[in-house]
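Protein chains in written order, with the working numbering: chain Y, 1 to 138; chain C, 139 to 276; chain F, 277 to 414; chain Z, 415 to 552. Glycine included, C-beta positions come from ideal geometry on N, C-alpha and C. Computed from a predicted model, the values in this text were never measured in an experiment.
There are 4 protein chains.
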Amino acid sequence: MKMDRDALNVFLAQDFPEVAHMFRVDAAQPNALTLRLLPSPAHLRPGGTVSGPTLFALADVAVYLTILSMIGPKALTVTTNAGMDFMRKPPAGVDLLCETRLLKLGRVLAVGDALIYAEGDTRPAARASMTYSIPPKG
Amino acid sequence: MKMDRDALNVFLAQDFPEVAHMFRVDAAQPNALTLRLLPSPAHLRPGGTVSGPTLFALADVAVYLTILSMIGPKALTVTTNAGMDFMRKPPAGVDLLCETRLLKLGRVLAVGDALIYAEGDTRPAARASMTYSIPPKG
Amino acid sequence: MKMDRDALNVFLAQDFPEVAHMFRVDAAQPNALTLRLLPSPAHLRPGGTVSGPTLFALADVAVYLTILSMIGPKALTVTTNAGMDFMRKPPAGVDLLCETRLLKLGRVLAVGDALIYAEGDTRPAARASMTYSIPPKG
Amino acid sequence: MKMDRDALNVFLAQDFPEVAHMFRVDAAQPNALTLRLLPSPAHLRPGGTVSGPTLFALADVAVYLTILSMIGPKALTVTTNAGMDFMRKPPAGVDLLCETRLLKLGRVLAVGDALIYAEGDTRPAARASMTYSIPPKG
């Protein structure tokens, strides 16, 4: 690993200040991490459920940080494909936890997937798979 | 059609006040519409490009409104699956246009897809396909 | 569980005779199973790698059987959405193993995902997520 | 265009003899083509509907040929991601037509999508989006 939990949280605060307050890396190990969403009213839909775009952002940032934990900070890495299944509405007022797995870390493409849980629930609220293009060295 | 362009814009303002300022339905016809994203600084990433979650929100709201244009306002309709390809970084300072097609409007599931363009560019910035679960009558 | 490993293999032979010779359920537990692909020349591309449609069939049958293991044989259950990432070409002459997880088993929709490995390799060759529509009772 | 309709059909017969009998390019223009599936009993499920893996193969071959029509025969181009929605069961005994669009043709990635119709039906039976990795020159 090139970046551990603390290094990832520092990277998030420095490079993504506009969203860093939403997220906190709770745990990181090789090829996997847990990212916590700290919901604020701006992320909620009527009824108190977390919005789809917020779930997307959670999965996207989580898999992105999982890649960076292995290759170091390469800010040009970009999302090229995303697939999500929304399976259960997360309840209001509960943190969401996103657990990732890095499935491929190639020379030009990286693929990971993630499950999102409402904290304390064993059934996933959403599933995501994400592909990133890694810029060439040079 | 159960709701035309003006009715959709009114619905957006009344039922989704937290995001209505971001979007405007430019045109609506049976099974298709064009939704405009009016970018604000909150939607931008460093370098001025529109963020992934904002592109997701644009596609999700656009296909959702396309369904409602045909079945009328059913606020319980929920996104169950989303797939997106991010193909070109949209430039800063330009409105984005999302053009939708409704591909299936079934009893329990509706499927649509969308292309997102930076205004004035003929090459799509992103592609999305979305599935929604429609609540049973009763 | 409504069907165990042996019951699933019997179901496969009886209800899907045209593909049953390709597949064998190696293990089944609640909400998860391992399906083995027994490759034949018809599934190979030039160079000896397993074709994309064969990988699709493997994931589709595997998640489908995982659902049936929990709800019993409902032959009308149909695939409505599929997402796959092809990450490493599986080598020729090796069985493929598909390991599934059932993520949601709802009243009308079921969602599962799967990883496909070449036997003996710890790195996944492909990833799949699948949604099925379950026919109403009655 | 580097390959027109006739060149694509010749390429299919020479480079993919194991599936060439299933497919025929009906029309090709820049960034788009129509591929016809000539169903045989091997592609059918009980009830006479075309199987999911056959629909996958149809979309995969169709978008792949669309890319090759623009860049010429590069047999190493490989599918990296596929997303499909299965919307209506195609009827038995009818040819299927797959209409593609090339959405991005980059240096390392190409993206296209497709709609599949039963011949004579205006409502799509399935939708697909496909990403391919293009090998570097060298």
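Can you tell me where the alpha helix (DSSP H) with residue i in it begins and where it stops?
i         : result
Val148(C) : Arg143 to Asp153
Val477(Z) : Gly466 to Ile485
Taking its Cβ as the centre, do 16 or more other Cβ atoms sit within 10 Å of residue i, making it buried, or is it exposed?
i         : result
Asp361(F) : buried
Gly138(Y) : At Gly138(Y), the pLDDT of 48 sits below 50, so the modelled position is not reliable; the number obtained from the coordinates is stated separately. So Gly138(Y) ends up on the exposed side.
Lys416(Z) : exposed
Glu533(Z) : exposed
His297(F) : exposed
Gly497(Z) : buried
Ala165(C) : exposed
Thr122(Y) : exposed
Arg127(Y) : buried
Ala197(C) : buried
Gly520(Z) : exposed
Pro162(Y) : The question about residue 162(Y) has no answer here: the residues shown for chain Y are numbered 1 through 138.
Phe299(F) : buried
Leu12(Y)  : buried
From which residue to which residue does the beta strand (DSSP E) around residue i run?
i         : result
Thr34(Y)  : Ala32 to Leu37
Arg403(F) : Ala402 to Ser409
Leu103(Y) : Leu96 to Leu105
Ala82(Y)  : Val78 to Phe86
Name the DSSP bridge partner or partners of residue i?
i         : result
Glu395(F) : The partner list for Glu395(F) (beta bridge, DSSP) is empty, contrary to what the question assumes.
Arg24(Y)  : Arg36(Y)
Ala252(C) : Thr238(C) and Ala266(C)
Figure out for me which residue from the options has the closest Cα to the Cα of residue i.
i         : options                                       : result
Leu373(F) : Pro329(F), Tyr393(F), Thr355(F) and Gly359(F) : Tyr393(F)
Thr448(Z) : Val433(Z), Asn423(Z) and Thr545(Z)            : Asn423(Z)
Arg281(F) : Ser345(F), Thr407(F), Pro367(F) and Ala335(F) : Ser345(F)
Pro168(C) : Ile209(C), Ala151(C), Ala263(C) and Tyr270(C) : Ile209(C)
Asp291(F) : Asn357(F), Leu313(F), His319(F) and Tyr340(F) : Tyr340(F)
Asn219(C) : Met363(F), His319(F), Ala283(F) and Tyr408(F) : Tyr408(F)
Lys488(Z) : Leu426(Z), Ala421(Z) and Ile548(Z)            : Ile548(Z)
Pro229(C) : Pro262(C), Phe161(C) and Leu241(C)            : Pro262(C)
Leu469(Z) : Leu288(F), Met363(F), Pro293(F) and Thr355(F) : Thr355(F)
Lys380(F) : Met363(F), Ala289(F), Ser405(F) and Arg312(F) : Ser405(F)
Under 8 Å by Cβ, that's how I've got residue i and residue j pegged, so tell me the actual separation to the nearest angstrom.
i         : j         : result
Thr204(C) : Gly250(C) : 6 Å
Arg515(Z) : Ala446(Z) : 5 Å
Val199(C) : Val232(C) : The Cβ separation is near 19 Å, so there is no contact.
Val326(F) : Pro315(F) : 6 Å
Glu237(C) : Leu247(C) : Not a contact, Cβ separation roughly 22 Å.
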